[in-house]
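Numbering (the numbering used here), first residue to last: 188 to 460.
Put into structure tokens, the structure is as follows:
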């Protein structure tokens, strides 16, 4: 969209909606989105973009703005094919750093987010855990989705023990970040590993990246992950904070598998309870 008076390129504002998008129909945005619209000083008649976090993109016009809601007339809806899923097992750690990581993993297209209760997690003073914190993670991810224009929100799974997280992780390519592992950039063949489904034939396997806690993963925890098929991989010789390690690994993997959509990819978002 071009601002004629200023002669500058202005990006179309994008908002996340929980309501189904249907071309020719109107939908209501909630109080938080209405607040953002007022802060950005958008007028009725402004073109807006819409995302549902489940692969659908929409465009429309702002037709009404109230104190606690906004109404958009939807003009067009299109579906984006899912990318190959990359799931994250992350340590329960400092809550502010976890919230920052929630933003970045959304921008980088993670398929799911699973906090893991490692042994060292118990020593963290200000841990990000529980229902209230999960709600904050979801809000931060929604904001990041709007900013990045990604079509998919990560699925947020409950905090879990390491055993539960391993059992719930999808079968496919599994890796654990470990300083003594094989450099991740050298194992492109690992992420190209296919998996065969009886009903769908050969597809590209989901990828699961496990990240250990601050201070390092205990040897017995690493052993359990390796026994479950997680391959130790390294992303460099320096010691990284958990959030730096997570986004670095996710970025490398996404670059290896390519940013293009994969129509045949299976996006396993179930919690396998």
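From the three backbone atoms N, C-alpha and C, an ideal C-beta is built for every residue, glycine too.
Runs of 3 residues minimum, wholly inside the segment 238-289: which ones carry the beta strand (DSSP E) assignment? 243-252, 257-266, 273-278
When the Cβ atoms of the segment 303-316 are set against those of the segment 335-343, are three or more pairs found closer than 8 Å? no
In whole angstroms, what separates the C-alpha of residue 185 from that of residue 439? Lying outside 188 to 460, the shown extent of the chain, residue 185 is not represented and no answer is given.
Considering only heavy atoms of the ligand GDP, does any lie closer than 7 Å to the CB of residue 221? Although the ligand GDP was asked about, the structure shown includes no ligands whatsoever.
Cβ neighbours of residue 388 in the same chain (closer than 8 Å, five flanking residues each side left out): In this prediction, residue 388 scores a pLDDT of 48, lower than 50, which makes its location untrustworthy; the coordinate-derived value is nonetheless stated afterwards. Answer for residue 388: no residue qualifies.
Cα separation between residue 279 and residue 211? 44 Å
Do residue 435 and residue 443 have their CB atoms nearer than 8 Å? no
Run through DSSP, which three-state label would residue 304 get? Reduced to three states, the DSSP call for residue 304 is strand.
Burial state of residue 268, where buried means 16 or more other Cβ atoms lie within 10 Å: exposed
Between residue 221 and residue 254, what straight-line distance do the alpha-carbon atoms span, to the nearest angstrom? 7 Å
Which residues does DSSP list as the beta-bridge partners of residue 428? Answer is none; residue 428 lacks a bridge partner.
Measuring CB atoms only, is the segment 235-250 touching the segment 197-216, in the sense that at least three cross pairs come out at less than 8 Å? With a cut-off of 8 Å, the segment 197-216 and the segment 235-250 count as touching, because enough Cβ pairs lie within range.
Which stretch, first to last residue, makes up the beta strand (DSSP E) that contains residue 203? 201-203
Whether residue 332 touches residue 238 by CB criterion (8 Å): yes
Whole-Å CB distance - residue 433 paired with residue 292, under 8 Å assumed: Between residue 433 and residue 292 the beta-carbon gap is near 7 Å, inside 8 Å, which marks them as a contact.
Take residue 402 as the anchor and find which of 415, 411, 395, 430 has the nearest alpha-carbon. 430
C-alpha distance - residue 274 paired with residue 406, whole-angstrom precision: Looking at the two C-alpha atoms, the distance is approximately 23 Å.
In this structure, how does DSSP classify residue 219 when only helix, strand and coil are distinguished? helix
Sort 352, 338, 282, 288 by Cα distance to residue 318 and report the nearest one. 282
Quick one: using the 10 Å Cβ neighbour count with 16 as the cut-off for buried, is residue 354 buried or exposed? Taking all protein chains in view, the Cβ of residue 354 is surrounded by fewer than 16 other Cβ atoms within 10 Å, so the residue is classified as exposed.
State the Cα-Cα distance for the pair residue 290 and residue 335, rounded to the nearest angstrom. When rounded, the distance between both Cα atoms is 10 Å.
Just curious, the beta strand (DSSP E) that residue 412 is in, first and last residue? Element bounds for residue 412: not the beta strand (DSSP E) but the alpha helix (DSSP H), 406-414.
Are residue 421 and residue 370 touching if we call contact CB-CB under 8 Å? The answer is yes: Cβ separation under 8 Å.
Quick check on DSSP: helix, strand or coil for residue 233? Three-state result, residue 233: coil.
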